[in-house]
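One line per chain: the protein sequences are X, B, W and E, in this order.
Note that this note's numbering has the first sequence beginning at 1, numbered continuously upward.
Note that this note's numbering has the second sequence beginning at 1001, numbered continuously upward.
Note that this note's numbering has the third sequence beginning at 2001, numbered continuously upward.
Note that this note's numbering has the fourth sequence beginning at 3001, numbered continuously upward.
A quick write-up on the structure given underneath.
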Amino acid sequence: MELQVVDLGVARGGLPILQGVSFTLEAGQVLVLRGPNGIGKTTLLRAIAGLQPALSGHVSLDPEAVAYAAHADGLKSTLSVLENLTFWAQVYGTTDVAPALQAFALQNLADRPAQNLSAGQKRRLGLARLLVTGRPLWVLDEPTVSLDASAVTLFADAVRAHCARGGAALIATHIDLGLQSDLLDLTPFKATAMAQGDFDEAFL
Amino acid sequence: MIALLIRDLRLAIRTGGGFGLGLAFFLIIAVLVPFGVGPDSAVLGRIAPGILWVGALLSCLLSLDRIFALDFEDGSLDLLATAPIPLEGLVGVKAFSHWLTTGLPLTLAAPVLGLLLSLPEPAYLWLILSLLIGTPALSFIGAFGASLTVGLKRGGLLLSLLVLPLYVPTLIFGAETIRRGAEGLGTATPLTMLGAITLGTLAVLPFASAAAIRINLR
Amino acid sequence: MMPDLGKYAVSVLSAYGATLAIVALLIWISLRRGRKVQDELRSLEGRRDDA
Amino acid sequence: MSFWEYANPKRFMALSSAALPWFTALTALVLSVGLIWGFFFTPDDFRQGSTVKIIYIHVPSAFIAINAWLMMLVTSLVWLVRRHHVSALAARAAAPIGLAMTCIGLITGAVWGQPMWGTWWEWDPRLTSFLILGLFYLGYIALWEAIDDADTAADLTSVLCIVGSVFAVLSRYAILFWNQGLHQGASLSLDKEENVHDVFAYPLWTCIIGFVLLFITLVLLRTRTEIRARRVKALIARERMA
Chain X
1 MELQVVDLGV
11 ARGGLPILQG
21 VSFTLEAGQV
31 LVLRGPNGIG
41 KTTLLRAIAG
51 LQPALSGHVS
61 LDPEAVAYAA
71 HADGLKSTLS
81 VLENLTFWAQ
91 VYGTTDVAPA
101 LQAFALQNLA
111 DRPAQNLSAG
121 QKRRLGLARL
131 LVTGRPLWVL
141 DEPTVSLDAS
151 AVTLFADAVR
161 AHCARGGAAL
171 IATHIDLGLQ
181 SDLLDLTPFK
191 ATAMAQGDFD
201 EAFL
Chain B
1001 MIALLIRDLR
1011 LAIRTGGGFG
1021 LGLAFFLIIA
1031 VLVPFGVGPD
1041 SAVLGRIAPG
1051 ILWVGALLSC
1061 LLSLDRIFAL
1071 DFEDGSLDLL
1081 ATAPIPLEGL
1091 VGVKAFSHWL
1101 TTGLPLTLAA
1111 PVLGLLLSLP
1121 EPAYLWLILS
1131 LLIGTPALSF
1141 IGAFGASLTV
1151 GLKRGGLLLS
1161 LLVLPLYVPT
1171 LIFGAETIRR
1181 GAEGLGTATP
1191 LTMLGAITLG
1201 TLAVLPFASA
1211 AAIRINLR
Chain W
2001 MMPDLGKYAV
2011 SVLSAYGATL
2021 AIVALLIWIS
2031 LRRGRKVQDE
2041 LRSLEGRRDD
2051 A
Chain E
3001 MSFWEYANPK
3011 RFMALSSAAL
3021 PWFTALTALV
3031 LSVGLIWGFF
3041 FTPDDFRQGS
3051 TVKIIYIHVP
3061 SAFIAINAWL
3071 MMLVTSLVWL
3081 VRRHHVSALA
3091 ARAAAPIGLA
3101 MTCIGLITGA
3111 VWGQPMWGTW
3121 WEWDPRLTSF
3131 LILGLFYLGY
3141 IALWEAIDDA
3151 DTAADLTSVL
3161 CIVGSVFAVL
3171 SRYAILFWNQ
3181 GLHQGASLSL
3191 DKEENVHDVF
3201 AYPLWTCIIG
3211 FVLLFITLVL
3221 LRTRTEIRAR
3231 RVKALIARER
3241 MA
């Protein structure tokens, strides 16, 4: 498992926002993306997860290796914690949800409908989904939003365990997770204006 | 994919919404029409095939925007798009579960409402048959419309406008089957056409819908 | 010069009238929007040149 | 030079700006000749009386209404395959013209039908098909208007256009099956026997050419507007980012 990003450029709303982004991520590594709001962290992560096409460059990665987690957790409010998690486990063809419940301290909430969870508990459930996917590369967009300090520790432990098993994680976050990680600041990759005379120059 | 189907059905049952609403709407139409047209059973019997098909179609329309919108709002659609289920399969499952929760109950309820509208006796078989064959097309066409409007805040009205002309052939052949059945004429042609449309939409539209969803997600 | 349209005069004339009205409306809308967008673009490009 | 060079917005703007005055003049000329010829200098039909003069607008507008959709289908495919923005914008520019022509076809048909068939509206296959075509245009235009992101809108309307075309053909057959109708057959065909008389045919052909020219002129004009609007949007977005 290796993620290789070469000279990647991405666009948001038809406008290029990042260009020339290159990095590699190998098994066992954590890479944290930094950069001011609006620089394009989310867009970059969506491009790597395969949700939107890249403007230029390429991402070499088996699409079957990515587990993506965004701002929204994709929880169904009328289903219980266990049902939500079991559904994702079935989608990814795994069966055992107990370790995931345990890792994020959700055992006692297992039968509670997701609509009765607090924001932090919902987030924990959303992150527990990563464990049942059984996929090696986690692509995470602001995973610690609305988590308290102890939950952040739980999350950091989960990432550490994941890397120890040969996984890797690409995380966009602003807080220090206390992880052994590489840092990539996206500010220098901000796209400059299009070159004049480009074919579709009139539109970009 | 079976897990997805089970989840969708479970959600439909727990939230109520889809199920009851469509059926209730169908009932309302069938009950209100006699008040508008008058109690003459000969007139009612003549227009019953059309009323039942239009009613089924409108009831179907009612719950279309829920097919993808809910999953889009809570982020499930993003996650499902990166899951190992092909998007085409996802659309198929979603449309199928929409049919199970609207088209199928409508088909089962239609004969009862046919009684209310004094539908002629020989037509009942064709009523059930045409709805059974035709309503899956309504769900799949509807899923296509829903996938086009999934990114829009207030897509409901636009969805109806987009789907309406697409429903015309199904409606024509469906109602025609019952009308011919009621008059004892041959129903083979409209029924075959209806089946052909359904099979065609089942085979092709999931691909168009998946393309539309991919465009909407990026 | 006006041809004798006989008893159908109203039909024929209203058909022509409606057509001319719709075409005129279409042309007017196209031209008006064209001009509006062009003005907008000019002011934007002008601002860019100043900067 | 490849044909696709015309899809470069800048080239398109330059070329269309040069061509537009010529097309405008030619349209005005051909259309006025055709309509004046048809309205003032053709005899009445022995059966339909003077209503036959409606043919000079009814048939050309119907012709454009159908072919505008075909043109949108082609340009949509070009956009999906080759991603030329001008192509998608041309489809967008053509839709309201198609809708207007559909309306003209329906109105003139109704006005014609009133004295001929004794009713304003008849659920005749052709009229019904046109009504459905009008709905397709409405949905297509509404989808363009509803979506903010220009590329997304272009993609989705293209998909709609393709699927809609298939269903439009289906509807046509369904409607034929549903009602055999009282509309007369095609007014012009290559088969001489069925043709309307030459006295009517020459001005009719002139009018059709005139309407085609009108369509081309309007599409050019509106595509130019759409390109400019697109550029305005891009510039505003770029300013906001900088």
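Glycine included, C-beta positions come from ideal geometry on N, C-alpha and C.
### Query
Closer than 8 Å, CB to CB, is B/G1075 near chain X or not?
yes
#### Entry: N- and C-terminal bounds of the alpha helix (DSSP H) containing E/T3051
Taken as a continuous stretch (DSSP letters only), E/T3051 belongs to no alpha helix (DSSP H), as it is neither H nor E.
### Counted within 10 angstroms of its Cβ, other Cβ atoms place B/P1153 as buried (16 or more) or exposed
The amino acid occupying residue 1153 of chain B in the given sequence is Lys; Pro does not appear at that position. Looking at its Cβ environment, which holds fewer than 16 other Cβ atoms inside 10 Å, B/K1153 is exposed.
### Amino acids of chain B, ordered along the chain, whose beta-carbon sits closer than 9 Å to that of X/G40
Per Cβ cutoff of 9 Å: no residues; X/G40 is ~14 Å from chain B at best.
### Query
Mind pulling the chain X residues with CB within less than 7 Å of E/A3237?
G13, L15
### Query
Taking 8 Å as the CB-CB limit, is E/D3149 close to chain X?
yes
### Query
Going by other Cβ atoms of all chains shown within 10 Å of its Cβ, with 16 needed for buried, is E/H3058 buried or exposed?
buried
### Message
Can you tell me whether E/V3199 is buried or exposed? The criterion is at least 16 other CB atoms within 10 Å of its CB, across all chains shown.
### Response
exposed
### Message
I'd like the span of the alpha helix (DSSP H) that includes B/I1067, first residue to last.
### Response
1066-1073
### Query
Given X/V97, which residues of its chain have a CB within under 6 Å of its CB, disregarding the five upstream and five downstream residues?
L85, T86, A89, V132
### Message
I'd like to know whether the C-beta atoms of X/A225 and X/A172 end up nearer to each other than 8 Å.
### Response
The question about residue 225 of chain X has no answer, for chain X in this structure spans 1 to 204.
### Task
Please classify X/W138: does DSSP put it in a helix, a strand, or coil?
strand
### Query
By a C-beta neighbour count over all protein chains shown, 10 Å radius and 16 as the cutoff for buried, is X/N37 buried or exposed?
exposed
### Query
Who are the neighbours of W/G2034 on chain E, taking C-beta pairs under 9 Å?
L3221, R3222, R3224, T3225, R3228
### Query
Should W/E2045 be labelled buried (16 or more other beta-carbon atoms within 10 Å of its own) or exposed?
exposed
### Task
For the alpha helix (DSSP H) holding E/E3226, just list the boundary residues, first then last.
3198-3241
### Message
Using CA atoms only, rank isn't needed, just tell me which of B/A1208, B/S1147, B/L1199, B/L1005 is closest to B/L1100.
### Response
B/L1005
### Message
If you reduce the DSSP assignment to three classes, tell me which class X/E64 lands in.
### Response
helix
### Message
Could you check whether the segment 69-78 of chain X touches the segment 122-131 of chain X, counting it as contact only if at least three pairs of C-beta atoms, one from each stretch, sit closer than 8 Å?
### Response
yes
### Query
So which residues on chain E does B/F1140 lean against when the C-beta distance must stay under 7 Å?
The premise fails here: B/F1140 is roughly 11 Å from chain E at the closest Cβ pair, so nothing lies under 7 Å.
### C-alpha distance - E/V3086 paired with E/N3008, whole-angstrom precision
7 Å
### Task
Report the three-state DSSP secondary structure of X/F23 (helix, strand or coil).
strand
### Query
Below 8 Å between beta carbons: does that hold for X/L31 and X/D182?
yes
### Residues bridged to X/K190 (per DSSP)
X/L18
#### Entry: For X/I171, the three-state DSSP class (helix, strand or coil)
strand
### Query
Quick one, are the C-beta atoms of B/L1113 and B/A1030 less than 8 Å apart?
yes
### Message
Is the beta carbon of X/A168 closer than 8 Å to that of X/A47?
### Response
no
### Task
Answer with yes or no whether the minimum CB distance from W/G2046 to chain E is below 8 Å.
no
### Task
For B/T1101, decide whether its Cβ has a neighbour in chain X, counting only Cβ atoms nearer than 8 Å.
no
### Task
List the residues of chain E whose Cβ lies closer than 8 Å to the Cβ of W/A2018, in chain order.
I3104, I3107, T3108, V3111
### Where the segment 3115-3137 of chain E meets chain B: residues whose CB sits under 8 Å from a CB there
I3132, L3135, F3136
### Query
Does B/I1047 have its Cβ less than 8 Å from a Cβ in chain A?
Of the chains in the structure shown, none is chain A; the protein chains are X, B, W and E.
### Query
Residues of chain B with CB under 7 Å from E/A3142, in chain order?
L1158, L1161
### Message
Extract the residue ranges of the beta strand (DSSP E) inside the segment 90-152 of chain X, only unbroken runs of 3 or more that lie entirely within it.
### Response
137-141
### Query
What residue range is occupied by the uninterrupted alpha helix (DSSP H) comprising X/L31?
Counting along the chain, X/L31 falls outside any alpha helix (DSSP H), though it belongs to the beta strand (DSSP E) covering 30-34.
#### Entry: B/A1003 - DSSP class collapsed to helix/strand/coil
helix
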